[in-house]
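Okay, structure first, notes after.
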RNA sequence: GCGCCCGUAGCUCAACUGGAUAGAGCGUGUGGCUACGGACCACAAGGCUAGGGGUUCAAGUCCUCUCGGGCGCACCA
């Protein structure tokens, strides 16, 4: 039993002996803010004070005096000012902990808490209509870190990228590629009427160059926006995979939205109707998401008979449920926070357990250079893509900067700082600390001093 | 107009989800350092937690109003 558990047990027993246990408070254990107070502390006397209407300090003192705990675990206990109970751990506990840390090495902290539980993390999932941009690099850093943490805690994890390769945007992408093909074949003046196309980016010129000559001519003569779009999307997905591999973000699956159409989408629609939480109005079919805390009800089937995009997304999340994940975590951009409530509503309606779907909003990223925001336009020399970012500052620096902040808060990514090799750059600071420690150990070994952790008999 | 997120040292951020004197790094100031990478070390100054009111033993944290910033409010995808 850990020292922490021993202390919780002892305090609980003391509360029982004093007749305080019927108040129903849980014994919380925390680290004191100030280490001079002790190694661990519990504010339980203060929680009790509220319920029992008694002086917290008095309760704390009574608990301390009736506390029975082995001296091999706790060296001293004291009640302190407002009503904290502070513990100082005994030397054997501290020594044992140090030994455990050294012996476990890199595995220290690994647990089996999640054994037998499967968790899926869906992240990035940017549309395959262009190269990945900065926010995707942040989402990739956060999502992959979550995967790593869950792995470390013993969960069986799966990383997934949801690819929106279906619908109008793919056709618009195909139309834009068709223009670049005609441009390549000299059938149209370069750049003419480019503004009519939704995706004017240069990357489609590259992709147009990858179409073999025969196919290019066929498509130029008889444009098939859907087929062109699929071609472009497939090529863009290849690039995305490549970026993610270089970045070290793990994706076990690229799940294609197109695989859900039409069967799974219709099935999801049917399940929602069968759940009884739908109704008809003015020729459209609505999902009563307000019954699950959403702001307003959502259209599932438009009056023209077609399902909305939302139904496809329900179908996708339903597939996660069907695939047997005990929990699904999804990362979304900040502009999608309005989407969370309806998705959770749908999953609840489909019978998912409470909290089965957790959505993490990844905050905005603003690039700064020399203290000024870098415009996100495509002018030469400015960063737009994830690849350009990691080519400039490196994968480690990029990840560190993204993980420095709480995931959902807006982030200013200071390029000037990220490039600096000085104390001001926290990444450099960490790397330099590592380099110095390594060289101190090397020096010690040259002088015949045993390296850290090799002698466990003198931990005192 | 309605809803969500946010406002903490000069700067960038923490604060274990309601606990003790609000902490770190950078920057600034002062003082040090001949075995190892001076890209170091020690100490210090710096705060009405945007502002008002409330809840309680206790509020940066919860409620409410005001100010300021961001985003969302489609039979689009």
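In my numbering, the protein residues as written are 623 to 1082.
Glycine included, each C-beta is placed from N, C-alpha and C at the ideal position.
query, result
"Proximity to residue 964 [Cα-Cα], best of 935, 1006, 950 and 1013", "935"
"Contact the region 810–830 vs the region 766–777: 3+ CB pairs below 8 Å", "no"
"CB-CB length for residue 1097 against residue 950, believed under 8 Å", "Within the shown structure, residues of the chain are numbered from 623 to 1082, placing residue 1097 beyond reach of any answer."
"Residue(s) in a DSSP beta bridge with residue 909", "900 and 920"
"Those residues which DSSP pairs with residue 846 across a bridge", "Residue 846 is not bridged to any residue."
"Sheet register partners of residue 929 (DSSP bridge)", "923"
"Exposure label - residue 664; buried when at least 16 CB within 10 Å", "buried"
"CA nearest to the CA of residue 973, picked from 898, 801, 670 and 1014", "898"
"Nearest candidate by alpha-carbon position, reference residue 907, set 922, 914, 916 and 896", "922"
"Three-pair Cβ contact test at 8 Å for the region 836–849 versus the region 743–763", "no"
"Pairwise C-alpha distance: residue 765 and residue 1064", "36 Å"
"Assigned exposure category for residue 736 - 16 Cβ within 10 Å defines buried", "buried"
"Contact between the region 782–795 and the region 877–885 (3+ Cβ pairs under 8 Å)", "yes"
"Three-state class that DSSP yields for residue 714 in the structure shown", "helix"
"Straight-line Cα distance separating residue 675 from residue 954", "46 Å"
"Close-in-space but distant-in-sequence residues of the same chain around residue 1050 (CB under 8 Å, 5 per side omitted)", "1042, 1043 and 1044"
"Cβ-based burial, residue 920 [other Cβ within 10 Å; buried from 16]", "buried"
"Sheet register partners of residue 698 (DSSP bridge)", "710"
"Nearest-angstrom beta carbon gap, residue 702 and residue 659 [assumed within contact, 8 Å]", "6 Å"
"Per-residue burial, residue 1015 [other beta carbons within 10 Å of its own, 16 or more giving buried]", "buried"
"Cβ distance (whole Å) where residue 756 is taken to contact residue 1039 below 8 Å", "Actually they do not touch by this definition, with Cβ atoms about 15 Å apart."
"Counterpart residues of residue 995 in DSSP-defined beta bridges", "990"
"C-beta contact flag for residue 909 and residue 968 at 8 Å", "yes"
"Reference residue 699; option with closest CA among 709, 692 and 813", "709"
"Whole-number beta carbon distance between residue 869 and residue 1017, since they are thought to touch under 8 Å", "6 Å"
"Spatial distance of residue 667 from residue 707 (CA atoms)", "8 Å"
"Buried versus exposed call for residue 758 [16 or more other C-beta atoms within 10 Å across all chains shown]", "buried"
"Own chain, CB closer than 6 Å to residue 800, minus 5 neighbours either side, in chain order", "845 and 850"
"Environment of residue 661 [buried if 16+ CB atoms lie within 10 Å]", "buried"
"C-alpha gap between residue 726 and residue 866, whole angstroms", "31 Å"
"Residue 832 in three-state terms, based on DSSP", "coil"
"Residue ranges of each alpha helix (DSSP H) within the region 777–834, 4 or longer", "790–806 and 825–831"
"Nonlocal neighbours in the same chain, by C-beta distance under 7 Å from residue 650, ignoring five residues either side", "664, 665 and 666"
"Assigned exposure category for residue 817 - 16 Cβ within 10 Å defines buried", "exposed"
"Check whether residue 669 and residue 647 have beta carbons under 8 Å apart", "yes"
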